[in-house]
Every structure is written in C-alpha cells, then in structure tokens.
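Residue numbers (the numbering used here): 328 to 506.
Just so it is clear, CB atoms sit at the ideal spot from N, CA and C, and this is done for glycine as well.
Structure record follows, encoded as structure tokens.
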C-alpha cells in the first residue's frame, strides 16, 4: 500500500484523477511480472503501459514516474545503509569500501534528483535546451516536434517531485516507509 500511495503522489500532477486502487493493482501486476519474467524491466514497462491507459497519464508519463520511484528507492536504501552504519559498534576501517560506495551512489542519486527537480520546475527552459541541442543534429530537425512532445510527457511524469513542498515531503516519507 505504501508503494502505491507514493506512486499516486508522483502521478498527481500528470493526472489529478489517479486512484489509489489503480496504483495498488498496477504495482501488484508489475511485481508479479518481475517475479515471472527474468528481466526485471518487464514489470516496470507493464506498469507504465497499464497506468498510461487506465489513468490517462500516457506511457512515458508513467515510465518517467517509475524511474523517479526507482531513484527514490535508491536514496532510501542508501539512507538506511548510512543509518545502519551508526549502529556498528566495531572499527569501521574494514567497511571503508561500503561507506565510500554508499556515499558515491547517494551523491549521484541526489544530483540526478536535483536535475529532474529543476527540469520539471522550469519546463520551458528545459524544453528550450532540448530543442537547441537537438537542432544541432541534422537528422533530428525533422523529428524535433515529436521529440519535444515526448520530452513534455516525460516531464509530466517527473513533475510529482517538484509539484509542491508538501507532496515532496510526503513522497520522501513514503519512500522511508517502503524501505
């Protein structure tokens, strides 16, 4: 239930009508597919497809919200690892690799989260940068509008973390409850 609630919060800016029951059942279906199919990505693609159709958020809106979910999961695991290290009573010198790995993964995850946050908050500037970069590539000039439409839909899916301070705080709390 906590995972479904967090996903609902992430999807709210993309579609105000996302029901908790939908995110719950779609999450359950995704977990089932991940259990049955050797490639873990299958469940996530299935979730994006189903929620995109069922709640009218679009495939890429659903997929980008799932990517944000995974990034938040990574931060949740890193924070748990760091908190767990506080309770280790022995010498930490043999855990230097683990500490450095947690630190590096945490820093990268926070940087990516900040980029997503700023990109979603400043949609016009983000789309302008994407447009400018793509127009430098001759083969992309004909596909520019379609690519910008895709970028808009991706920004819709990640807008959940930048929607408001309250929703961001609730999403973080949801992440720690999940983990």
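DSSP three-state assignment for residue i, whether helix, strand or coil
i	result
residue 425	helix
residue 479	helix
residue 431	helix
residue 445	helix
residue 418	coil
Same chain, Cβ closer than 8 Å to residue i, neighbours up to 5 away in sequence not counted
i	result
residue 398	436, 439, 440, 443
Straight-line Cα distance separating residue j from residue i
i	j	result
residue 504	residue 377	25 Å
residue 487	residue 415	36 Å
residue 419	residue 427	12 Å
residue 384	residue 423	44 Å
residue 395	residue 421	33 Å
Cutoff 7 Å; reference residue i; Cβ partners in own chain excluding five residues on either side
i	result
residue 329	501, 504, 505
residue 497	336
residue 432	401, 405
residue 462	468, 471
Proximal residues to residue i (C-beta, below 6 Å), its chain only, five neighbours per side dropped
i	result
residue 354	330, 331
residue 361	367, 370
Exercise. Okay, do the stretch 443-455 and the stretch 473-483 touch, 3+ Cβ pairs below 8 Å being the bar?
Worked result: Verdict: yes, contact present.
Problem set entry | Sufficient close CB pairs (3 or more, under 8 Å) joining the stretch 342-352 to the stretch 395-411 | Note that the stretch 342-352 does not touch the stretch 395-411; fewer than 3 beta-carbon pairs, one per stretch, sit closer than 8 Å.
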